[in-house]
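Here our numbering is used: the first residue of the sequence shown is 22, the next is one more, and so on. Cβ coordinates follow ideal geometry from the N, Cα and C atoms, glycine included.
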Amino acid sequence: MEDIYDCVVIGGGPGGLTAALYLARFRRKILVIDARESRAALIPVSHNFPAFPDGVTGRSLLSRLREQLEPYAIDTLAESVVALERRAEVFRVVTATRTVLARRIVIATGIADRGMSGENWRLGIEAGGLRLCPICDAYEIIDKSVALLARTEHAASHALFLRDYTDKLTVFHVGAEAAFAADEAVALANAGITIVHDVGAGVAVDAAGRASVRAGNAVRSFDTVYPMFGCHPRNELAKTLGAQCDAEGKLLADPYQETTVPGVFAVGDVVSGLNQISVAVGQAAIAATHIHHGLRDQTVSY
């Protein structure tokens with residue numbers, strides 16, 4: 022027979038692991054399916070996650086969360102989910118090796134950055150030559166030479182945010198559109214931001230993690246490069262159940278993190294909102310607590 026769980030958590034990033042921790046402490050029978058693809062693992066050092074005054078690496082944070090779960094002896098599976106279906110009052114979760122049933126689902130599958138397929142890009146992130154999140158790490162680039170590669174729909178807002186940290190900022194506009202909106206162009210000019218329009222501009226990272234930008238026939242080096250081409254929410258599993266998304270593909274959720282599919286919850290970057298670890302952790306606490314209260318008529322697992 023297929024195993025039945027109170028909840029299956031899909032995704033092992035900070036949000037998913039926090040949801041698992043809460044559910045374990047609520048004495049729920051849970052399974053965490055973690056393909057070890059969390060974007061958090063890319064973080065070289067985070068200085069804005071509370072309680073780590075010297076910063077914490079993404080890998081270390083994930084390791085600590087997994088270690089924190091060990092005493093609860095919850096079930097885990099280091100695989101990807103290949104199918105998610107609704108069967109009457111439960112959900113059927115399928116991986117390459119197992120099929121299980123669950124009364125509730127937590128989707129914590131995160132996002133994947135677009136345009137991050139060049140040689141040495143992981144090394145560039147580890148060395149700080151490439152950065153992905155100005156909210157997380159712009160403080161670390163104060164007064165440094167910085168390049169931002171972005172398309173029209175994101176370039177101006179990202180550039181003006183980064184300008185608060187450095188005046189050595191060059192924006193490589195790689196959008197197909199020839200110009201910014203009039204108000205954006207005025208704001209960028211007033212901020213003294215250098216603009217280079219080049220649809221073919223690209224990022225290169227050497228073996229030491231140093232980043233440069235190729236534009237036209239020139240190669241320019243920078244202390245840090247932000248290649249901000251958007252991201253792809255890993256929403257496919259939820260969408261197979263009919264879950265609704267916003268214009269960017271982020272899952273819509275109510276104040277308890279329940280998606281538009283009853284019984285399916287979503288936390289972290291896959292949900293519409295701010296992509297921050299602290300946000301994912303808070304969402305996980307809310308979702309797990311609501312799930313537990315909603316299952317109070319179920320027998321507690323001992």
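What are the start and end residues of the beta strand (DSSP E) that includes residue i?
i      : result
Ala123 : 120-128
Val300 : Not the beta strand (DSSP E): Val300 falls in the alpha helix (DSSP H), residues 298-315.
Asp27  : 24-31
Ile51  : 51-54
Relative to the C-alpha of residue i, which candidate in the options has its C-alpha closest?
i      : options                        : result
His218 : Val115, Met249, Phe193         : Phe193
Val114 : Ile54, Ala41, Ile95, Gly213    : Ile54
Arg49  : Arg85, Ser81, Tyr93            : Tyr93
Gly284 : Val102, Phe112, Ile163, Val103 : Phe112
Tyr247 : Ala61, Cys157, Val288          : Cys157
Ile51  : Asp227, Leu42, Arg57           : Leu42
Ser299 : Val30, Ala61, Phe70            : Phe70
Glu106 : Arg125, Phe243, Ala176         : Arg125
Glu140 : Gly223, Ile132, Ala268         : Gly223
Arg135 : Arg255, Ala301, Leu295         : Arg255
Gln89  : Gln265, Ala104, Leu38          : Leu38
Ile162 : Gly149, Gly289, Ala56          : Gly149
Asp275 : Ala268, Ala308, Ala301         : Ala308
Ser59  : Ala236, Thr118, Lys189, Gly289 : Gly289
Leu262 : Ala133, Phe286, Ile132, Phe201 : Phe286
Gly221 : Val207, Gly34, Ala236, Ile64   : Ala236
Ala104 : Glu147, Ala259, Val292, Gly270 : Ala259
Arg108 : Arg231, Ala123, Ala203         : Ala123
Val6   : Leu86, His68, Pro74, Ala56     : Limits of the chain in this structure are 22 at one end and 323 at the other, which puts residue 6 out of reach.
Ala56  : Phe47, Leu83, Phe73            : Leu83
Thr118 : Ala228, Thr97, Ser242, Asp204  : Thr97
Ser242 : Val127, Val195, Lys189, Phe201 : Lys189
His68  : Pro155, Glu205, Asp267, Ile216 : Pro155
Arg231 : Pro74, Glu91, Ala72, Arg143    : Arg143
Ile95  : Phe47, Ser81, Phe73, Glu110    : Phe47
Leu209 : Ala268, Ser293, Phe182, Ser81  : Phe182
Anyone know if the C-beta pair for residue i and residue j falls short of 7 Å?
i      : j      : result
Tyr277 : His311 : yes
Thr245 : Val167 : yes
Leu316 : Asp27  : yes
Leu153 : Gly145 : no
Ala159 : Arg184 : no
Ala129 : Gly251 : no
Thr187 : Asp164 : yes
Val102 : Asp24  : no
Ala62  : Gly76  : no
Arg45  : Val30  : Note that residue 45 is Ala in the sequence shown, not Arg. Contact: no.
Ala171 : Met249 : yes
Ser233 : Ala225 : yes
Ala306 : Thr281 : no
Ala180 : Ile214 : yes
Gly131 : Val291 : yes
Glu147 : Pro65  : yes
Ala99  : His253 : no
According to DSSP, which residues form a beta bridge with residue i?
i      : result
Glu106 : Arg113
Thr39  : Looking at the DSSP assignment, Thr39 forms no beta bridge with any residue, so it has no partner.
Phe193 : Leu170, Val217
Thr97  : Val53
Ala45  : Note: Ala45 sits in no beta bridge, so no partner.
Ala133 : His253
Val292 : Leu272
Ser67  : Val77
Within the present structure, is the beta-carbon of residue i separated from the nearest heavy atom of the ligand SAH by less than 6 Å?
i      : result
Asn211 : Of the ligands one can find in the structure shown there are none, so the ligand SAH has no counterpart to examine.
From what residue to what residue does the alpha helix (DSSP H) around residue i run?
i      : result
Leu86  : 79-90
Ala158 : For clarity, residue 158 is Asp in the given sequence; the question names Ala instead. Note, Asp158: alpha helix (DSSP H), 155-158.
Val207 : 203-211
Gly150 : Here Gly150 belongs to no alpha helix (DSSP H), and DSSP marks it neither H nor E.
Any Cβ of chain D within less than 7 Å of the Cβ of residue i?
i      : result
Val114 : Of the chains in the structure shown, none is chain D; there is only one protein chain.
**OP:** Just list the alpha helix (DSSP H) runs in the stretch 220-287, keeping only unbroken ones of 4 residues or longer that don't cross its boundaries, in chain order.
**Re:** Whole alpha helix (DSSP H) segments, 4+ residues: 257-261.
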